[in-house]
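Trainee:
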Amino acid sequence: MEMTRAASRAPSTTPAGDPARACLWTRLGTDLTELILSLLPLRSIVRAGAVCKFWRSIVDHPAFASRVAATAPARMPWFFLYGQNNVHLRRNQAFAFDPAAGEWVHLPPIYLSEGDGPHRHPDECFVGSGGFIFATSAATRTSFCYAPLLRGGGSAADPWRETPPLHFSRRNPVVGVIGCGGPGAGARFIVAGGVRLVGGLVDIEDQLAVEIYDPAAPGGWQLCPPLPPEFRGSPRPWSGGESFYVFGIYSGLLARFDLSGRAWSGVRTLRPPRVSFSFLVACGEQLVLAGLRGGDNPPSLVLWRVADGVEEGWRELGQMPEGMLAVMFEGEEEERFASLRCVGVDGLLYVFNEAHHRGYPACVCEVGGGDRCNWKELPPLPGPVNRFHRVIAFCSAVPLDSVIGRGDGDGSSC
Amino acid sequence: MSSGDSGPSSSKQLVQQPAAAGRSPNQPPLLGAGGRKVIVLKSGDEEEFEVDLLDAMQSRTLRRAIEDGCGDGPMPLPNLTGPVLAKVVELFRRHRGDPRWADELQETEKEGMFKDYAPQKPTAEVKGFDREFVSVDRDALFDLLRAANFLEAPGLLDVTCDAAADAVMNMTVEEVREYFGLVNDYTPEEEAALRKQHEWAFQ
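Chains as they are written, first to last, in UniProt numbering: chain A, 1 to 414; chain B, 1 to 203.
(1) Against chain D, which members of the stretch 334 to 367 of chain A pass a CB distance test of less than 7 Å?
(2) Specify, as a first and last residue, the run of the alpha helix (DSSP H) that phenylalanine 142 (chain B) falls within.
(3) Using the Cβ count rule (16 or more neighbours within 10 Å means buried), how would you classify valine 87 (chain A)?
(4) Restricting to runs no shorter than 3 residues, where is the beta strand (DSSP E) found entirely within the stretch 307 to 386 of chain A?
(5) Would you list, in chain order, the members of the stretch 91 to 108 of chain A that have their beta-carbon closer than 7 Å to a beta-carbon of chain B?
(6) Give, in chain order, every residue of the stretch 126 to 143 of chain B whose Cβ lies closer than 7 Å to some Cβ of chain A.
(7) Taking C-beta to C-beta, are glycine 359 (chain A) and proline 379 (chain A) nearer than 7 Å?
(8) For phenylalanine 202 (chain B), which residues from the same chain have a beta carbon less than 8 Å from its beta carbon, with the 5 sequence-adjacent residues on both sides left out?
(9) Please determine, among A:Glu366, A:Met320, A:Asn374 and A:Trp221, the residue with the shortest C-alpha to C-alpha distance to phenylalanine 168 (chain A).
(10) Taking only the alpha-carbon atoms, compute the straight-line gap between leucine 317 (chain A) and valine 306 (chain A) and give it to the nearest angstrom.
(11) Hey, would you say serine 43 (chain B) sits closer than 7 Å to leucine 91 (chain B), going by beta carbons?
(12) From the DSSP output, which residues share a beta bridge with isoleucine 178 (chain A)?
(13) One question on the structure: do tryptophan 200 (chain B) and valine 59 (chain A) come within less than 7 Å of each other, judged by their Cβ atoms?
(14) Using CA atoms only, rank isn't needed, just tell me which of A:Ala101, A:Gly219, A:Cys145 and A:Leu348 is closest to leucine 287 (chain A).
(15) Determine whether the beta carbon atoms of valine 38 (chain B) and proline 74 (chain B) lie at a separation below 7 Å.
(16) Using CA coordinates, which residue listed in A:Ser339, A:Ser265 and A:Tyr245 is at the minimum distance from residue 418 (chain A)?
(17) Look up residue 416 (chain A) in the DSSP assignment and give the residues it is bridged to.
(18) For serine 9 (chain B), I'd like the list of residues in its chain whose CB is within less than 7 Å of its CB, leaving aside the five on either flank, ordered along the chain.
(19) For the stretch 82 to 96 of chain B, enumerate the residues whose C-beta is nearer than 9 Å to any C-beta of chain A, in chain order.
(20) On the DSSP bridge assignment, give the partners of cysteine 395 (chain A) in chain order.
(21) What is the DSSP secondary structure of alanine 165 (chain B), reduced to helix, strand or coil?
(22) Alpha carbons only, please: which of A:Leu254, A:Pro73, A:Cys283 and A:Arg271 is nearest the one belonging to serine 265 (chain A)?
(23) Assuming valine 281 (chain A) and cysteine 342 (chain A) make a contact with CB atoms under 8 Å, what is their CB distance in whole Å?
(24) Along the chain, where does the alpha helix (DSSP H) containing arginine 195 (chain B) start, and where does it finish?
(25) In chain B, what lies closer than 9 Å to alanine 48 (chain A) by C-beta?
(26) Note down, in chain order, each residue of its chain lying with its Cβ closer than 7 Å to the Cβ of proline 78 (chain B), except the 5 sequence neighbours on either side.
(27) Have a look at glutamate 191 (chain B) and valine 403 (chain A) and give me their C-alpha separation to the nearest angstrom.
(28) Just checking: is the beta-carbon of isoleucine 133 (chain A) within a distance shorter than 7 Å of some beta-carbon in chain B?
(29) Excluding five sequence neighbours on each side, which residues of the same chain lie with their C-beta closer than 7 Å to the C-beta of residue 429 (chain A)?
(30) Who are the neighbours of arginine 60 (chain B) on chain A, taking C-beta pairs under 8 Å?
(31) Are arginine 93 (chain B) and aspartate 55 (chain B) touching if we call contact CB-CB under 7 Å?
(32) Please determine, among A:Met328, A:Trp314, A:Phe337 and A:Arg262, the residue with the shortest C-alpha to C-alpha distance to glycine 294 (chain A).
(33) Which full runs of the beta strand (DSSP E) of 3+ residues lie inside the UniProt domain "SKP1 component POZ" (37 to 96) of chain B, going along the chain?
(34) Check for me: the beta strand (DSSP E) holding tryptophan 264 (chain A) runs from which residue to which?
(35) Could you tell me whether any Cβ in chain B is nearer than 7 Å to the Cβ of serine 12 (chain A)?
(36) Only counting the same chain, and skipping five residues up and downstream in sequence, which positions put a Cβ closer than 7 Å to that of proline 164 (chain A)?
Structure, rendered in structure tokens:
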């Protein structure tokens, strides 16, 4: 929209308005300018950098990124939704919701193997966490790549970095960032589980391997103790938080990885009565379980706070308003909830329907102190929205310095 | 905006008060009606405003001046006009006890001067006042921003900067330049490259 508007205007290189007004802003001073710009949502900050060179020098400065990072809205995790079409890759679409601005943005879809030609492999898997997006591509061999969020697509200079090969190549592993909340000091990537392919067949023996990589240090992936054996064959583990957790959405199996001790601990089962499947989300220091509880009529999506280190310890926080759930999942049959997914981190929990139904509707719940749950429907995706074969969704804060500044797209040092 | 009209009349009353107090430089700041300590601020266009001393302390600039003993006579603020100062004084009065700045005030408290100044959560009324306060045109908002910056008043700065950020937030790059009277010093190639690099932000 903006582009057409720009095109229809005269070139804007002439001074705007009368000379008296042209100096208004400079009279506000650098401090005031910086203060005002730091209050903007991320997208507006990026746009501010295109206003003039002076503004760009402000928003590109590392001190400005630190200032923005200190504000509460900047830490709110975004919701990313990548729609994949297995046949017509042109129909892939990507969206991100910025909770601070309350709006969706269109992202360029990710084509990892662009350099390899127009026919991209549809089996690429990617996931985002801790300010990064990770991709495993299995076209010929399994490679593991990463890029700062919002830089990993489109026509921008290639921001992707490839790590040395994993000891155990695998597809669709659980990927997490530990050590810090984003591109910054001490961020390390951890990969657990996933499927190893041997000659095109799934190797069930090595599904439990765990490896850690430090992007700031030379050297490759380090092998860690494997996942506890209980996780063998467990469908789709889930991760999140400052610590690294692995959780089986159907089994309810939970394990925690301790970075300093390099060990797995606290294996236990979180399965409140009548819950058919559930998701685990880290909210600050605590874990919140979101599960679909049958037996209620209609079924309800319930949140529990998980007590740390206590067997069978969980306490109900609340549930999604019945009407909201009914709008997202129309119909009567229980199977309609099979496409319900939750992602979340840092006190925000996004619930969405990954089936093509009224354009992939989503809700967000803010889990605050004092066990307050504040539910809101997200606005619809900016249309038109295609029909996807697969939806990849995740949740991560987007640090400003991973988007602009430095310009090296590395994001691994700070 | 129109509250500036009430400035001159209120200042007339207070002109009599300091005279009645007959103060010497060593006395504490002068007392207003009801025994509260007040000071007088004088705008660049010679309007005088009586301000509760504790309210004036919301401004670090004024606080420094008061602590340096400049609060006895009318305090000249040559770069603020009467209408702007009238608005600012009104905001200080409404923000009395606002935690946005009262915490800082507590730290610098001397001799229990601010003990009746316990921080309060901003009420719905204060929030409503803040909204109304910045419902002004661009030039007036910029005047208030500059005043906030000069006075170093956190509450005033919060309210005005939030308003400026709200105004800019959904503007296109061209509209932002227009609003702030900024000149585009990028070459068309440079600007196109920037937009391409962050395509998602410019849709």
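Each residue gets a CB set at the ideal place from its N, CA and C atoms; glycine is no exception. Note that the structure is predicted; figures quoted are calculated from it, not measured.
Mentor: Reading off the structure:
(1) Checking the listed chains, one finds no chain D in this structure; the protein chains it contains are A and B.
(2) Per DSSP, the unbroken alpha helix (DSSP H) holding phenylalanine 142 (chain B) starts and ends at 138 to 151.
(3) Flag for valine 87 (chain A) reads exposed.
(4) Entirely contained in the stretch 307 to 386 of chain A, the beta strand (DSSP E) runs reaching 3 residues are, in chain order, 314 to 319, 340 to 345, 348 to 353, 362 to 367 and 373 to 377.
(5) Interface annotation for the stretch 91 to 108 of chain A against chain B: Val105, His106, Leu107 and Pro108, criterion Cβ-Cβ distance under 7 Å.
(6) Answer set for the stretch 126 to 143 of chain B: Phe142.
(7) Cβ atoms of glycine 359 (chain A) and proline 379 (chain A): not closer than 7 Å.
(8) Sequence-distant Cβ neighbours of phenylalanine 202 (chain B) in its own chain, meaning closer than 8 Å and more than five residues away, are Val173 and Arg195.
(9) Closest by alpha carbon: A:Trp221.
(10) Whole-angstrom Cα-Cα distance: 10 Å.
(11) Against a cut-off of 7 Å, the Cβ pair of leucine 91 (chain B) and serine 43 (chain B) comes out as no contact.
(12) In the DSSP assignment, the residues bridged to isoleucine 178 (chain A) are A:Arg188.
(13) Tryptophan 200 (chain B) places its beta carbon 7 Å or farther from that of valine 59 (chain A).
(14) Closest by C-alpha distance to leucine 287 (chain A), out of A:Ala101, A:Gly219, A:Cys145 and A:Leu348, is A:Leu348.
(15) At least 7 Å separates the beta-carbon of valine 38 (chain B) from that of proline 74 (chain B).
(16) Beyond the ends of chain A as shown, which are 1 and 414, falls residue 418 (chain A); an answer cannot be given.
(17) Only positions 1 to 414 of chain A appear in the structure, and residue 416 (chain A) is not among them; the question remains open.
(18) Legend: pLDDT at serine 9 (chain B) = 40, less than 50; position of this residue unreliable, no value from coordinates given.
(19) Only those residues of the stretch 82 to 96 of chain B whose C-beta falls short of 9 Å from the nearest C-beta of chain A would be listed, and there are none.
(20) Its beta-bridge partners are A:Phe79.
(21) Shown here, alanine 165 (chain B) sits in a helix according to DSSP, grouped into three states.
(22) Of A:Leu254, A:Pro73, A:Cys283 and A:Arg271, the residue nearest in Cα terms is A:Leu254.
(23) The pair is a contact, with the Cβ atoms about 7 Å apart (cut-off 8 Å).
(24) Taken as a continuous stretch (DSSP letters only), the alpha helix (DSSP H) holding arginine 195 (chain B) covers 188 to 197.
(25) Neighbours of alanine 48 (chain A) on chain B, chain order: Val168, Val173 and Val176.
(26) The beta carbon of proline 78 (chain B) is closer than 7 Å to those of Gly44 in its chain, skipping five residues each way along the sequence.
(27) Whole-angstrom Cα-Cα distance: 17 Å.
(28) No - not a single Cβ of chain B is within 7 Å of the one on isoleucine 133 (chain A).
(29) No information on residue 429 (chain A) is available, as it lies outside the stretch 1 to 414 that chain A covers here.
(30) None at all; the shortest Cβ gap to chain A is about 13 Å.
(31) Taking 7 Å as the Cβ cut-off, arginine 93 (chain B) and aspartate 55 (chain B) qualify as a contacting pair.
(32) Residue A:Phe337 holds the alpha-carbon nearest to the alpha-carbon of glycine 294 (chain A) among A:Met328, A:Trp314, A:Phe337 and A:Arg262.
(33) Whole beta strand (DSSP E) segments, 3+ residues: 38 to 43, 48 to 52 and 75 to 77.
(34) Start and end: 263 to 269.
(35) Residue placement at serine 12 (chain A) cannot be trusted, given a pLDDT of 34 that sits under 50; what the coordinates show is reported in the next sentence. Cβ-Cβ to chain B under 7 Å: yes for serine 12 (chain A).
(36) If we look at proline 164 (chain A) and ignore the five residues flanking it on each side, its Cβ neighbours are Gly220 and Trp221.
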